[in-house]
Each structure stands twice: as structure tokens, then as C-alpha cells.
Amino acid sequence: MAHQHEIPDATNKRFLIATVMNVIITVAELFGGIISGSLALISDAVHNFTDVLSLIIAWIAQLISGKRTSERNTFGYRRAQIIAAFVNSIFLMVISIVLLIESVRGFMAPHPIKGMLMLIIAIIGLVANVVTGLMLMGGKANLNTKAALLHVLGDALSSVGVIFAAIMIYFFNWIFLDPLMTLIVAGYIIFATYPVLKDATQILMQANPILNFEQIKADILTCPYVLGAHHFHAWQIDEEHTMLSFHVTMRNQLLSEVEKSSDEMRRVIMEKYHVSHVTIQPEVDHEQETVVDYDE
1 MAHQHEIPDA
11 TNKRFLIATV
21 MNVIITVAEL
31 FGGIISGSLA
41 LISDAVHNFT
51 DVLSLIIAWI
61 AQLISGKRTS
71 ERNTFGYRRA
81 QIIAAFVNSI
91 FLMVISIVLL
101 IESVRGFMAP
111 HPIKGMLMLI
121 IAIIGLVANV
131 VTGLMLMGGK
141 ANLNTKAALL
151 HVLGDALSSV
161 GVIFAAIMIY
171 FFNWIFLDPL
181 MTLIVAGYII
191 FATYPVLKDA
201 TQILMQANPI
211 LNFEQIKADI
221 LTCPYVLGAH
231 HFHAWQIDEE
241 HTMLSFHVTM
251 RNQLLSEVEK
261 SSDEMRRVIM
271 EKYHVSHVTI
281 QPEVDHEQET
291 VVDYDE
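Take the sequence shown: its position 96, counted from the start at 1, is 96 in full-length UniProt numbering, and no numbers get skipped.
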């Protein structure tokens with residue numbers, strides 16, 4: 001996709017515009033919710049406030065991740081975006097639980113709501129969220145922007161629900177729809193956020209990105225002079241860069257031959273399994289390996 005090659009400055013401008021838009025939405029919905037007495041609007045305003053914080057975090061992470069590698073940070077700062085995605089996802093989960101609690105309270109203690117004012121503010125919020133979402137979708141796609149986009153999409157969905165509730169409250173006085181919309185949106189946000197939280201956690205914990213070590217070993221054993229392979233370790237720097245290291249047992253031979261075999265193994269693994277970086281430690285005088293060893 002074309003936006004995958006967008007320059008960082010353009011992406012940073014998108015985060016800036018999205019942040020400013022969310023500040024406007026937050027202020028409008030907060031005052032609108034207080035005046036109209038709508039729990040859904042107030043809850044959405046609180047949610048939008050977390051959007052502002054999340055977009056700021058994502059924006060800063062975008063800037064940091066663009067820094068070059070150094071002697072201290074040999075892999076660069078790509079993990080900054082993963083950390084931002086993790087923090088944003090946790091934030092969303094907490095806010096969603098708060099919204100669930102508030103919606104239950106709304107069912108138990110209903111109060112009068114000004115439906116027309118609620119409708120006007122909700123429409124303004126929807127338009128602003130759609131514009132913000134389009135801005136973020138036009139930037140480079142990664143876990144960081146995905147987490148920020150989830151915030152915005154969650155708010156857009158919330159605005160649609162609030163609009164529907166406002167119409168029903170204005171014409172039919174269905175006050176129960178106000179906490180009901182809050183309940184539905186909070187549930188959706190939790191459902192949509194969980195995959196991002198899971199992926200970010202797996203990367204931070206350096207979990208294996210679902211590489212089949214047994215199949216990789218089978219491919220390695222087809223290379224000349226290779227007797228076995230063990231000590232497989234795989235992890236991700238971010239969602240785009242996978243690293244793999246392992247030990248390989250080889251027949252005693254010239255170093256030049258070891259280098260040829262290692263280059264062939266790297267080529268096969270990088271092409272077939274889309275691994276960004278492969279580290280191979282050759283060994284000699286070991287018995288032939290029959291089982292893949294994942295331990296130190």
C-alpha cells in the first residue's frame with residue numbers, strides 16, 4: 001500500500017491534527033453531557049480525554065521510533081511504538097470497565113435527559129471522530145497507530161449509538177437507551193482492544209512469533225555438512241521485524257565451507273519464514289541432534 005512509505009513528518013502531522021480534534025470533541029461532549037444530563041455523552045467525553053492522552057503517547061512514540069540505531073540501542077527505538085500500543089490498550093481496558101460500571105448505575109438510577117442537545121453534540125462528535133479516523137488511516141499502519149485508531153473508532157461508534165439514543169429519548173423518552181449505549185460501546189471497545197493488547201504483550205515478552213522450529217530444523221538439515229540444530233530462540237523487535245538465533249552442529253571442515261552453509265541457511269530461512277535477522281552459531285564435535293532444544 002502506498003501509505004506504507006509515507007515520510008515520518010506526514011505521519012506526525014496526522015497525530016497532531018487527530019489530537020487537536022479530540023480535544024475539541026472532549027470539551028464539547030463534556031459540557032453537552034453535563035447540560036443535557038446524558039451519561040453517554042459524559043462517558044464519551046471521558047473516553048475522548050483518554051484518546052487525547054493516547055494520541056499524545058502514540059505521537060511521541062512515532063517520533064522516538066524514527067531515531068537511528070546507536071551503540072547503546074543496537075536495534076534502534078522500534079519498541080517505543082509497541083510500548084505505546086501496550087499502554088494505550090491498558091488505558092482503554094480500564095476506561096471500558098469504568099464505563100461498564102457507570103452504565104449499570106445509569107440503569108439503577110435513571111434521570112431526565114435533554115434529547116435534542118444530546119443529539120446535536122453527538123453529531124458534532126461523530127463528524128470529528130470520522131475526520132480523525134480518516135487522518136490516522138491514511139498514515140503508516142502499525143500496532144501503535146492501530147491502538148490509537150481503535151480509540152477513535154470506538155468513539156465514532158459511541159457517537160452513532162448516542163445519536164440513536166438521543167433520537168429515541170427525544171421522541172419516545174426511552175431514557176434506558178442512554179446507559180445501554182454506554183454498555184454496548186464499552187463491551188465493543190474491550191473486544192476490539194484485546195488483540196492489540198495481546199500482540200503488544202507477546203512482543204514485549206519476546207515470545208516466539210509462531211515460527212515452526214521443527215520445520216525450520218528440517219530445512220536446515222538439508223544444507224551440506226549439517227548434522228543437527230538446537231537452542232532455537234525467536235522474538236520480534238516490532239510487528240514487522242522478526243529475529244531468530246540457533247546453534248547448528250556441523251562436520252569438521254574449513255571455515256570457508258562453514259560460511260557457505262551458514263549463508264545458505266540464512267537465505268532459506270529469511271525467504272521462507274520472513275525472518276528479518278538470523279544469527280547462527282556453528283559447532284563441531286557434538287553428537288547428532290535428534291530433538292529441538294529450546295532451553296539455554
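C-beta: ideal position from N, C-alpha, C; glycine also.
Keep in mind that this is a model prediction, so the values were computed, not measured.
With respect to the alpha helix (DSSP H) encompassing residue i, which residues constitute its N-terminal and C-terminal limits?
i, result
"proline 195", "177 to 204"
"glycine 106", "79 to 108"
"alanine 218", "213 to 220"
In terms of DSSP beta bridges, what is residue i paired with?
i, result
"glycine 228", "Thr249"
"glutamate 271", "Per DSSP, none; premise fails for glutamate 271."
"threonine 26", "Threonine 26 pairs with nothing; no bridge assigned."
"leucine 244", "Ala234, Val278"
If you reduce the DSSP assignment to three classes, tell me which class residue i lands in.
i, result
"methionine 69", "Methionine is not the amino acid found at residue 69; the sequence shown has threonine there. Of the three classes helix, strand and coil, the one that applies to threonine 69 here is coil, per DSSP."
"alanine 234", "strand"
"leucine 136", "helix"
"isoleucine 7", "At isoleucine 7 the pLDDT is 37, less than 50, meaning the model places this residue with poor confidence; the figure from the coordinates comes in the next sentence. Note: isoleucine 7 maps to coil in three-state DSSP."
"serine 261", "helix"
"isoleucine 167", "helix"
"threonine 74", "coil"
"serine 38", "coil"
"lysine 114", "coil"
"alanine 207", "coil"
"leucine 150", "helix"
"tryptophan 174", "coil"
"leucine 119", "helix"
"leucine 254", "coil"
"isoleucine 17", "helix"
Under the rule that 16 or more other beta-carbon atoms within 10 Å means buried, what is residue i, buried or exposed?
i, result
"arginine 14", "buried"
"phenylalanine 232", "buried"
"glutamate 29", "buried"
"threonine 26", "buried"
"leucine 254", "exposed"
"valine 152", "buried"
"alanine 61", "buried"
"alanine 2", "Any reading at alanine 2 needs caution, since the residue's pLDDT is 35, under 50, leaving its predicted position unreliable; the model's value is listed next. Exposed is the call here."
"threonine 242", "buried"
"arginine 79", "buried"
"phenylalanine 171", "exposed"
"glutamate 239", "buried"
"histidine 111", "exposed"
"serine 70", "exposed"
"aspartate 199", "buried"
"serine 276", "exposed"
Which residue comes first and which comes last in the beta strand (DSSP E) that contains residue i?
i, result
"glutamate 283", "277 to 283"
**Asked** Given 8 Å as the limit, is there contact between the region 209 to 216 and the region 171 to 191, that is, 3 or more CB pairs closer than that?
**Response** no
**Prompt:** Between the region 261 to 272 and the region 216 to 236, are three or more C-beta pairs nearer than 8 Å?
**Reply:** yes
**Message:** Measuring CB atoms only, is the region 119 to 128 touching the region 157 to 166, in the sense that at least three cross pairs come out at less than 8 Å?
**Reply:** yes
**Asked** Quick one: any contact between the region 65 to 76 and the region 37 to 45, if contact means 3 or more CB pairs under 8 Å?
**Response** no
**Asked** So, do the region 148 to 157 and the region 173 to 180 have three or more beta carbon pairs nearer to each other than 8 Å?
**Response** no
**Message:** Could you check whether the region 81 to 97 touches the region 244 to 264, counting it as contact only if at least three pairs of C-beta atoms, one from each stretch, sit closer than 8 Å?
**Reply:** no
**Prompt:** Is it a yes or a no for the region 192 to 211 touching the region 99 to 114, going by three-plus beta-carbon pairs under 8 Å?
**Reply:** no
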